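Note sheet for the following structure.
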Amino acid sequence: MTEEELSKLDLVQLYDQLELLDPPPPISMAPETVGWLWLAVFVTVAFGYAVWRWRKSYLAKAYRRAALAALRQAKDDPVEIASLLRRTALVAFPRSDVASLHGAQWLDFLDKAAPKVAFSGSQAGDLLSTAPYQKQQPVGPTNVDLARMARLWIETHRPHKGAI
1121 MTEEELSKLD
1131 LVQLYDQLEL
1141 LDPPPPISMA
1151 PETVGWLWLA
1161 VFVTVAFGYA
1171 VWRWRKSYLA
1181 KAYRRAALAA
1191 LRQAKDDPVE
1201 IASLLRRTAL
1211 VAFPRSDVAS
1221 LHGAQWLDFL
1231 DKAAPKVAFS
1241 GSQAGDLLST
1251 APYQKQQPVG
1261 PTNVDLARMA
1271 RLWIETHRPH
1281 KGAI
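In terms of the working numbering, the numbers along the sequence shown are unbroken and rise by one, the last being 1284.
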């Protein structure tokens, strides 16, 4: 068509004159270089390692979750709390380091295992070391402090590396 003929056509007629182009071939999503494959392998391995570490940590802390659940059941009973702390320490530390401790040595051990908690020299610490041997258990604010300190100890103590 000449330019003169094209000028006589309206827009719809011009549109009808257009020829459609073939669409380009689809773009492949496969990486073209080896670097992308190595990156995919690295990301997959890193993700697998992270999941493995998380699972290992989660399983290693199962005794803490069980101890916290038992602490909720024990409420403010100092005998139960003393027993619970002993059982938790026996799981987290070698038996030879924990089983023979009592009195001030036991409280010092608890203090060293969780520096944020100070059982030694506190009324709660005194209650913890004497409650299992008393016939009648005292009731008062010290019991609440003992439960709070026990919770903090369970949450923050640093277990022995080879124990778990």
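Idealized CB from N, CA, C, for every residue including glycine.
These numbers come from a predicted model, not from an experiment.
Query raised in the report: Does the Cβ of W1071 have 16 or more other Cβ atoms within 10 Å, making it buried, or fewer, making it exposed?
Result: Residue 1071 falls outside the range modelled here, since the chain spans only 1121 to 1284, and no answer is possible.
**Report entry** CA-to-CA distance, R1278 to V1237, given in whole angstroms
**Finding:** Taking the straight line joining both Cα atoms gives about 12 Å.
Query raised in the report: Quick one: any contact between the region 1166-1184 and the region 1222-1239, if contact means 3 or more CB pairs under 8 Å?
Result: Three or more beta-carbon pairs separated by less than 8 Å are not found between the region 1166-1184 and the region 1222-1239, which leaves the two stretches without contact.
**Report entry** Whole-angstrom distance between L1141 and E1123, CA atom to CA atom
**Finding:** Take the alpha-carbon of E1123 and the one of L1141: they are about 22 Å apart.
Query raised in the report: In whole angstroms, what separates the C-alpha of W1156 from that of S1148?
Result: If you draw a straight line from the Cα of W1156 to the Cα of S1148, it is about 14 Å long.
Report task. Could you name each continuous alpha helix (DSSP H) segment of 4 residues or more that falls completely within the region 1141-1212, going from the start of the chain to the end? Result -> Counting only runs of 4 or more, we get 1154-1180, 1182-1194 and 1198-1212.
**Report entry** Host alpha helix (DSSP H) of D1231 (start-end)
**Finding:** Unbroken alpha helix (DSSP H) run through D1231: G1223 to A1233.
Query - Buried or exposed by the 16-neighbour rule on C-beta atoms within 10 Å, applied to L1179 - result: Under this definition L1179 is an exposed residue.
Report task. Take A1270 as the anchor and find which of K1195, L1129, D1217 and V1218 has the nearest alpha-carbon. Result -> Looking from the CA of A1270, the closest CA among K1195, L1129, D1217 and V1218 belongs to K1195.
Query raised in the report: Just reading off the alpha helix (DSSP H) that M1269 is part of, what are its end residues?
Result: Taken as a continuous stretch (DSSP letters only), the alpha helix (DSSP H) holding M1269 covers P1261 to T1276.
Query raised in the report: Where does the unbroken alpha helix (DSSP H) through V1132 begin, and where does it stop?
Result: Where V1132 is concerned, the enclosing alpha helix (DSSP H) stretches over L1131 to Q1137.
Query raised in the report: For R1184, which of A1170, V1165, F1213 and G1168 has the nearest alpha-carbon?
Result: Checking every option, the nearest Cα to that of R1184 belongs to F1213.
Query - Classification of G1245 by the beta-carbon crowding that lies within 10 angstroms, buried from 16 upward - result: The Cβ neighbour count for G1245, taken over all protein chains shown within 10 Å, is at least 16; the residue is labelled buried.
Query raised in the report: Could you check where the alpha helix (DSSP H) with V1218 kicks off and where it finishes?
Result: Under the DSSP assignment, V1218 falls in the alpha helix (DSSP H) whose first and last residues are R1215 to V1218.
Report task. Output the distance between the C-alpha atoms of S1249 and L1227, rounded to the nearest integer angstrom. Result -> Roughly 8 Å between the two C-alpha positions.
Query raised in the report: With distances taken from CA atoms, which of V1218, R1215 and I1201 is nearest T1262?
Result: Comparing Cα-Cα distances from T1262 to each of V1218, R1215 and I1201, the minimum goes to I1201.
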